[in-house]
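Visitor: Each residue of the sequence shown is one higher than the one before, counting from 2 in my numbering.
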Amino acid sequence: MPLYILSHSLTEMETLRQVQSFGSFVASNKASWLVFIIILVTCCSSLHIRARPLIPNSPFISIWNAPTELCTEKTRVQLDMRLFHLVGSTLKTSTEQSTTIFYANRLGNYPYIDENTGETFNGGIPQLCSIEHHLKKAIDDINFYMPSDEQVGLAVIDWENWRPLWIRNWGSKDIYRQVSVEFVQQKDLSLSETQARTLAKMEFEAAAKSLMLQSLKLGISMKPNHLWGYYLYPDCYNYDYNRNPHNYTGSCLDIEIARNNELNWLWEESTALYPSVYLETALRSSKNAPLFVRNRVQEAIRVSNVSNSTCPLPIFVYTRPVFTDFNQEYLSQDDLVNTIGESAALGVSGIVIWGDLNLTLSVNTCRALDSYLRHTLNPYIINVTMAAKICSQVLCHDSGACARKNWNSSDYLHLNPENFVIQMSRNGKYAIQGQPSFQDLQRFIEKFYCRCYAGYNCEPSVDLNDIHYVNACISEDICINNYIKHLYFFFFFFLQTIMGDSCILFIHMSS
């Protein structure tokens with residue numbers, strides 16, 4: 002069964018159905034909630050805390066980070082970006098973006114070695130980078146790309162050439178260890194191979210830590226309204242789905258968790274985490290894909306509590322609309338569930354959808370992206386964002402975000418396709434038709450719990466008898482404003498059918 006039904010047959014956008022007039026008296030008491038038989042769910046005793054939302058009253062947000070303005074400028078294909086809370090371009094010429102990404106050549110004098118040619122830049126290794134010169138240039142770069150002091154958004158440093166832990170520079174990155182050993186041997190020819198490697202490790206990790214920390218501190222001090230962190234951090238290196246597909250669990254190895262603990266200095270200074278869940282075609286519509294994603298996100302959740310468990314770091318999960326090893330194929334709905342859906346169900350702050358120039362190469366690629374947005378990605382974003390919003394309203398009184406009770410389950414924040422239809426009119430606007438049932442809300446309560454926003458007071462319990470109206474919007478024109486479908490609905494409808502307006506009078510007098 003599909004997660005939603007997307008209708009294209011409307012000539013004009015239909016107005017959301019209004020409930021029968023007999024129901025109007027119900028909303029008069031508590032117009033912001035829903036109705037039910039009493040079910041009490043304890044919250045605070047075992048409640049987890051989550052970072053406050055970047056955008057008020059938005060428990061889960063979607064962010065677009067790709068140079069898709071080129072479609073409009075060069076091909077005149079208009080892409081619908083209205084559903085994304087923040088939109089930022091990755092082009093080097095783009096400034097004052099709500100999402101700014103600093104690649105290796107855009108922030109200071111990042112030292113690295115071209116793994117193909119061996120050419121070194123800015124010293125090649127962190128030990129040979131002048132921190133003073135690096136920070137001086139970084140100030141200019143930050144002011145260029147982020148001229149506003151008031152703007153709120155994300156600031157993501159994308160430095161992937163080397164890793165700050167010596168042990169993690171394997172494969173092609175081993176060149177950084179080799180050059181570091183050569184560097185200490187040049188300074189002291191009397192060192193043995195073991196002594197040289199030991200000293201090189203110490204110097205490399207100290208210099209890498211200093212460079213990353215000082216760059217982070219500089220950015221935070223200059224633009225504190227942005228959330229600063231490093232792309233792909235934390236990582237847990239659970240990439241063995243190719244070697245062991247039939248027994249793959251997705252688990253982060255204990256050794257990698259321990260190594261992430263060695264990076265506590267980074268988590269303590271960051272103001273956001275940006276893990277990645279990019280999919281390869283080996284994970285296309287695969288049962289291993291959700292295992293891969295949820296373990297990576299869960300490790301980020303663990304790390305987010307390192308510096309202060311009462312005020313954890315916000316987590317924005319990076320994903321792509323295409324596969325990393327075949328960028329001409331877009332993710333299917335199943336793949337979106339396994340990436341965006343997993344992230345939302347685990348209670349993170351949002352997702353960042355990243356794309357490169359391949360999305361905008363020609364009229365055909367822009368049209369393909371436009372079709373994918375309208376028919377696949379946008380409807381799914383509506384689905385999961387609205388479900389997260391309703392769950393937050395019911396379980397958290399809009400003061401927190403829902404997360405799975407069992408993190409390693411397949412429970413998702415989705416609208417029930419039997420009760421909801423996502424419609425798109427000919428002018429491209431979306432609306433949601435339908436209303437939640439008692440069973441829909443009961444499922445949220447059975448499968449999810451509330452992670453209260455840091456600094457917010459948590460209600461000691463959720464009394465569903467106090468909940469009798471859904472009033473949730475994810476944009477100005479995409480809302481659910483309805484009563485709940487439950488036993489009382491049909492009972493009142495039956496009474497009104499028989500008794501007419503006297504039913505309303507009878508109920509008012511009885512109350």
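Glycine included, C-beta positions come from ideal geometry on N, C-alpha and C. Computed from a predicted structure; not experimentally measured.
In angstroms with no decimal places, state the Cα-to-Cα distance between Ser512 and Tyr470.
Guide: In the sequence shown, residue 512 corresponds to position 511, counting from 1. In the sequence shown, residue 470 corresponds to position 469, counting from 1. Confidence at Ser512 is low in this model, with a pLDDT of 36, below 50, so its placement is unreliable and no value can be given for it.
Visitor: On the DSSP bridge assignment, give the partners of Ala139 in chain order.
Guide: One-based indexing of the sequence shown puts residue 139 at position 138. Residue pairing by DSSP places Ala139 in no beta bridge whatsoever.
Visitor: Shortest alpha-carbon distance to Phe445 belongs to which of Gln424, Gln436, Ala389, Ser476?
Guide: Start at 1 with the first residue of the sequence shown, and residue 445 comes out as number 444. When only C-alpha atoms are compared, the closest one is Ala389.
Visitor: Can you tell me whether Tyr231 is buried or exposed, with buried defined as 16 or more other CB within 10 angstroms of its CB?
Guide: As a first step, residue 231 is located in the sequence shown; it is residue number 230 there, counting from the start. Residue environment for Tyr231: buried (at least 16 other C-beta atoms within 10 angstroms of its C-beta).
Visitor: Thinking Leu347 and Ile302 are a contact (beta carbons under 8 Å), I'd like their distance in whole angstroms, please.
Guide: In the sequence shown, the residue the question calls residue 347 occupies position 346. In the sequence shown, the residue the question calls residue 302 occupies position 301. Yes, Leu347 and Ile302 are in contact; Cβ-Cβ is about 7 Å, under 8 Å.
Visitor: Just to confirm, is the Cβ distance from Tyr275 to Leu166 under 9 Å?
Guide: Here the question's residue 275 lines up with position 274 in the sequence shown. Here the question's residue 166 lines up with position 165 in the sequence shown. One thing to note: Tyr275 has its Cβ no nearer than 9 Å to the Cβ of Leu166.
Visitor: Do Val385 and Tyr413 have their CB atoms nearer than 9 Å?
Guide: In the sequence shown, the residue the question calls residue 385 occupies position 384. In the sequence shown, the residue the question calls residue 413 occupies position 412. For Val385 and Tyr413, yes; Cβs fall inside 9 Å.
Visitor: Within 10 Å of its beta-carbon, does Thr12 have 16 or more other beta-carbons around it, so buried, or fewer, so exposed?
Guide: Along the sequence shown, read from residue 1 onward, the residue named residue 12 stands at position 11. Its pLDDT being 36, under 50, Thr12 is placed unreliably by the model, and the measurement read from it follows with that caveat. Answer is exposed; the Cβ neighbour count stays below 16.
Visitor: Whose CA, out of Thr121, Glu97, Ser99, lies closest to the CA of Asn106?
Guide: Counting from 1 along the sequence shown, the entry for residue 106 is found at position 105. Per the Cα distances, Thr121.
Visitor: Is Asn328 near the ligand ZN, with its Cβ less than 8 Å from a heavy atom?
Guide: In the structure on display, the ligand ZN does not appear, and there are no ligands present to speak of.
Visitor: Using three-state DSSP, classify Gln152 as helix, strand or coil.
Guide: For the purposes of this step, residue 152 is taken as the residue at position 151 of the sequence shown. Correct three-state label for Gln152: coil.
Visitor: Just the C-alpha distance for Asn379 and Ser222, rounded to the nearest angstrom, thanks.
Guide: As a first step, residue 379 must be located in the sequence shown, where it is residue number 378. As a first step, residue 222 must be located in the sequence shown, where it is residue number 221. C-alpha separation (whole angstroms): 36 Å.
Visitor: Pick helix, strand or coil for Ser25, following the three-state DSSP scheme.
Guide: One-based indexing of the sequence shown puts residue 25 at position 24. Reliability fails at Ser25, whose pLDDT of 31 lies under 50, so the model's placement of it is uncertain and the value that follows must be treated cautiously. Correct three-state label for Ser25: helix.
Visitor: Smallest Cα separation from Met425: which of Ser372, Ser310, Ile168?
Guide: Sequence index remark: in the sequence shown, residue 425 carries index 424 (1-based). Of the candidates Ser372, Ser310, Ile168, the one whose C-alpha sits nearest the C-alpha of Met425 is Ser372.
Visitor: Within 10 angstroms of its Cβ, does Pro313 collect 16 or more other Cβ (buried), or is it exposed?
Guide: What you label residue 313 is simply residue 312 of the sequence shown in a count that begins at 1. Buried: at least 16 other Cβ atoms inside 10 Å.
Visitor: For Gly348, write down the residues that DSSP places opposite it in a beta bridge.
Guide: Counted from its first residue, the sequence shown places residue 348 at position 347. For Gly348, which the question treats as bridged, DSSP gives no partner whatsoever.
Visitor: What are the boundary residues of the alpha helix (DSSP H) that Glu330 is part of?
Guide: Within the sequence shown, residue 330 is the residue found at index 329, counting from 1. Run containing Glu330: none in the alpha helix (DSSP H); it sits in the beta strand (DSSP E), 327 to 331.
Visitor: Could you tell me which residues DSSP pairs with Thr101 in its beta bridges?
Guide: Position 100 of the sequence shown, counted from the first residue, corresponds to residue 101. The partner list for Thr101 (beta bridge, DSSP) reads Ala156.
Visitor: Does the Cβ of Ser22 have 16 or more other Cβ atoms within 10 Å, making it buried, or fewer, making it exposed?
Guide: In the sequence shown, residue 22 corresponds to position 21, counting from 1. Low local confidence applies: a pLDDT of 29 at Ser22 is under 50, so the model's placement there is unreliable, and no value is given.
Visitor: From Glu271 to Asp159, what distance separates their C-alpha atoms?
Guide: As a working mapping, residue 271 is identified with position 270 in the sequence shown. As a working mapping, residue 159 is identified with position 158 in the sequence shown. Reading off the sequence shown, one finds Ser at residue 271, where the question assumed Glu. Taking the straight line joining both Cα atoms gives about 14 Å.
Visitor: By the 10 Å Cβ neighbour count, where 16 or more other Cβ atoms means buried, how is Val364 classified, buried or exposed?
Guide: Within the sequence shown, residue 364 is the residue found at index 363, counting from 1. Val364 should be labelled exposed.
Visitor: Since Phe61 and Ala473 are thought to touch, with beta carbons under 8 Å apart, how far apart are those beta carbons, to the nearest angstrom?
Guide: Position 60 of the sequence shown, counting from 1, holds the residue named residue 61. Position 472 of the sequence shown, counting from 1, holds the residue named residue 473. Actually they do not touch by this definition, with Cβ atoms about 12 Å apart.
Visitor: Quick check on this structure: which residue in Phe439, Leu284, Val88 has the alpha carbon closest to the alpha carbon of Pro246?
Guide: On the sequence shown, residue 246 is found 245 positions in, with the first residue counted as 1. Answer by Cα proximity: Leu284.
Visitor: Assuming contact is defined by CB atoms lying nearer than 9 Å, are Gly351 and Asn289 in contact in what I supplied?
Guide: Numbered from its first residue, the sequence shown carries residue 351 at position 350. Numbered from its first residue, the sequence shown carries residue 289 at position 288. Going by C-beta atoms, Gly351 is not nearer than 9 Å to Asn289.
Visitor: Check this for me: beta carbons of Ser400 and Cys451, under 9 Å apart or not?
Guide: Within the sequence shown, residue 400 is the residue found at index 399, counting from 1. Within the sequence shown, residue 451 is the residue found at index 450, counting from 1. Against a cut-off of 9 Å, the Cβ pair of Cys451 and Ser400 comes out as a contact.
Visitor: Should the segment 202 to 212 be called in touch with the segment 108 to 128, which here means at least 3 C-beta pairs below 8 Å?
Guide: yes
Visitor: Reducing DSSP to helix, strand and coil, say where Ala67 ends up.
Guide: Numbered from its first residue, the sequence shown carries residue 67 at position 66. Ala67 falls in the coil class under three-state DSSP.
Visitor: Does the segment 253 to 261 come within contact of the segment 209 to 216, defined as at least 3 CB pairs closer than 8 Å?
Guide: no
Visitor: With DSSP as the reference, identify every bridge partner of Trp229, one or two as the case may be.
Guide: As a working note, residue 229 is residue 228 in the sequence shown. Its beta-bridge partners are Ala156.
Visitor: Please report the straight-line C-alpha distance between Val422 and Arg164, rounded to a whole angstrom.
Guide: Counting from 1 along the sequence shown, the entry for residue 422 is found at position 421. Counting from 1 along the sequence shown, the entry for residue 164 is found at position 163. The alpha-carbon atoms of Val422 and Arg164 are separated by roughly 46 Å.
Visitor: I need the boundaries of the beta strand (DSSP E) containing Phe317, first residue and last residue.
Guide: The residue you call residue 317 lines up with position 316 of the sequence shown. Its beta strand (DSSP E) spans residues 317 to 320.
Visitor: Which residues in the same chain have their Cβ closer than 8 Å to the Cβ of Ser277, if we skip the five residues on either side of it in sequence?
Guide: One-based indexing of the sequence shown puts residue 277 at position 276. Closer than 8 Å at the Cβ level, and outside the excluded window around Ser277, lie Tyr232, Leu233, Asp236, Arg297, Val318, Tyr319, Thr320.
Visitor: For Trp355, which residues in the same chain have their Cβ closer than 7 Å to its Cβ, ignoring the five residues on either side in sequence?
Guide: Locating residue 355 in the sequence shown gives position 354, counting from the first residue. Hits under 7 Å: Asn66, Ala67, Tyr319, Arg321.
Visitor: Could you tell me the alpha carbon to alpha carbon distance between Val353 and Glu343, rounded to whole angstroms?
Guide: Taking the first residue of the sequence shown as position 1, residue 353 is located at position 352. Taking the first residue of the sequence shown as position 1, residue 343 is located at position 342. Roughly 14 Å separates the two Cα atoms.
Visitor: Cα separation between Ile479 and Ser95?
Guide: Along the sequence shown, one-based indexing puts residue 479 at 478. Along the sequence shown, one-based indexing puts residue 95 at 94. Straight-line Cα distance between these residues: approximately 30 Å.
Visitor: Where do the ends of the alpha helix (DSSP H) carrying Val304 lie?
Guide: Translated into the one-based positions of the sequence shown, residue 304 becomes position 303. Residues 289 to 305.
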